Structures are given as structure tokens and as C-alpha cells.
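>
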Amino acid sequence: MSVIARAVSAQTLQARVAEMAASIGADFEGKEPVVLGVLQGAVPFLADLSRHLSPQVDIDFLSLTRFGSEGRVAISVDTATPISGRHVLIVEDIVDTGLTLAYLLSLLETRGPASLTTATLLDKRSQRIVDVPLRYRGFEVGNEFLLGYGLDWDGRYRNLPDLWAVIDLAAFRQEPAAATRDLFGDGGDKVSA
Ligand code: IMP
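Residue numbers for the sequence shown, in my numbering: 1 to 193.
1) Beta-carbon of T81 versus every beta-carbon of chain B: anything under 9 Å?
2) For Q127, is the beta carbon positioned less than 8 Å from some heavy atom of ligand 1?
3) Which term fits G112, buried or exposed, when burial requires 16 or more other beta carbons within 10 angstroms of its beta carbon?
4) Going by CA-CA distance only, name the one from S106, F61, V91, L53 that's closest to A22.
5) Along the beta strand (DSSP E) that carries R173, what are the first and last residues, could you check?
6) Closest to A10 by C-alpha separation, out of V95, W164, E19, A42, would be which residue?
7) Decide if the stretch 155 to 175 is in contact with the stretch 45 to 65; the criterion is three or more beta carbon pairs, one per stretch, under 8 Å apart.
8) Which residue's Cα is closest to the Cα of T120: S63, D152, R16?
9) Please report the straight-line C-alpha distance between V132 and G25, rounded to a whole angstrom.
10) Pull up the distance between the alpha-carbon of L36 and that of L108, whole angstroms please.
11) Below 8 Å, is the gap between the Cβ of F145 and the nearest heavy atom of ligand 1?
12) Measuring straight from C-alpha to C-alpha, what distance separates T81 and T65?
13) Exposed or buried, which one is L169 when buried takes at least 16 other CB atoms within 10 Å?
14) When you compare the CB positions of L122 and L146, do they come within less than 9 Å of one another, or not?
15) Kindly give me the distance between the Cβ atoms of L99 and V130, rounded to whole angstroms, as I take these residues to be in contact under 8 Å.
16) Using DSSP with H/G/I as helix, E/B as strand and the rest coil, what is T65?
17) Run through the stretch 2 to 81 for me and flag every whole alpha helix (DSSP H) of 4 or more residues, listed as ranges in chain order.
18) L116: beta carbon under 8 Å from a heavy atom of ligand 1?
What follows is the structure, given as C-alpha cells:
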């Protein structure tokens, strides 16, 4: 019995990311936006998305610290790019309760951007506690725990090209390495020169 199952293949992810980039590119034409990725989860999505965008974008990142049970956040590593007067596109891997994005929006709003827009690859809509405006959304997903393409379990699995759903959370918690066996099998060369 598998512990995890492929939720979205790398090919489908890439196709959807290209579609999202086409909409973003059209909407921001001539605006030279700041594309702001939320570390670490948004890295693969932002990297792929940005390769479809015009060169007239600034790319930067910030990192958040979460504290408290109400999802309060503070910026732990700030962007080097001033956003006052700029059109800002926040790029997230996943919006779950919406608490993180709601706090981030209110923090960035105080810096006087010309506009603040959001893009998320994944939307766990059924889990939402606070309503957040999502202008661009890749996929609506259920409430399974997801791994890969930026999403982690204890810092691991972010580098998987596909997105995986944990289907047996209890078994996975007990032995996360079991998931690795499902992903890579147990034989054969993984790399060839
Ligand atoms: P929020 O609940 O919308 O504030 O989301 C908080 C954060 O939870 C996200 O930015 C992700 O880092 C993390 N998260 C939510 N669901 C998942 C998941 O299925 N896999 C991995 N991380 C998740």
C-alpha cells in the first residue's frame, strides 16, 4: 500500500505555470512589476513562472516567521527591493487557511505599493479561515498534505519535480523515508554521466 501518490505531474505543472504566466504577462504589460516570492516554498514555482515573463520584472524574495496559533507572521528576511510606488506580485506555493497571506498583505500594504496582487500555485480552498484575494491560481486542491515542487515535510522533498499527496498520513509520520522509496524505487541508477 503506497503512502503517497502523485497528485500533479511535472508536465501538467509546467503547462499550468505557462498559462498563468501568459495571464500575468498580459495584465502587467508595461508595468515592470516586482515579483516577490515567499521563501522557501515558492522557489520552483517562481523560477518556472519567471522564465515565461518579460525581462522587465524585478525578482526578489522574503522569508517569514510564523508564531502563535492564529497564523501571525513577521518578515524574518526582508526584500532588498523597495516596493513603494511599485506594482507587486506576491508569489506563494500554497494558500491554506489564508492567514499567512492575509498578514503578509497587510504588512506590505504599509509600504505604499502602487498595487499588490497575489499568485498561488495551489489553493486549499476548503481550509480557508480568512478570505484572501487570489488573482492567479494554478490548481484548487483538497486537504491532503502535499509534497514536492516547493512543498516540504520538515524541510525535505521540495526539490521533487512532481507534486505528491500523502495518502496515509499516519504511516508517513511514522516513517517519512517510506515516501522516498515510493518515489525512487529501490534499484537502478538515478544519475547517468
Ligand atoms: P496558510 O494556512 O494559508 O497560512 O499556509 C501556511 C503555510 O502552510 C503555507 O505557506 C505552506 O508553507 C504550509 N502548507 C499548507 N499546506 C501544506 C501542504 O499540503 N504541504 C506543505 N506545506 C503546506
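All C-beta atoms, glycine included, are put in the ideal place defined by N, C-alpha and C. Note that the structure is predicted; figures quoted are calculated from it, not measured.
Considering the structure as presented:
1) The chain inventory of the structure shown lacks chain B, comprising one protein chain alone.
2) yes
3) exposed
4) L53
5) Segment 169 to 174 is the alpha helix (DSSP H) holding R173; no beta strand (DSSP E) there.
6) W164
7) no
8) R16
9) 22 Å
10) 11 Å
11) yes
12) 19 Å
13) exposed
14) yes
15) 6 Å
16) strand
17) 10 to 27, 43 to 50
18) no
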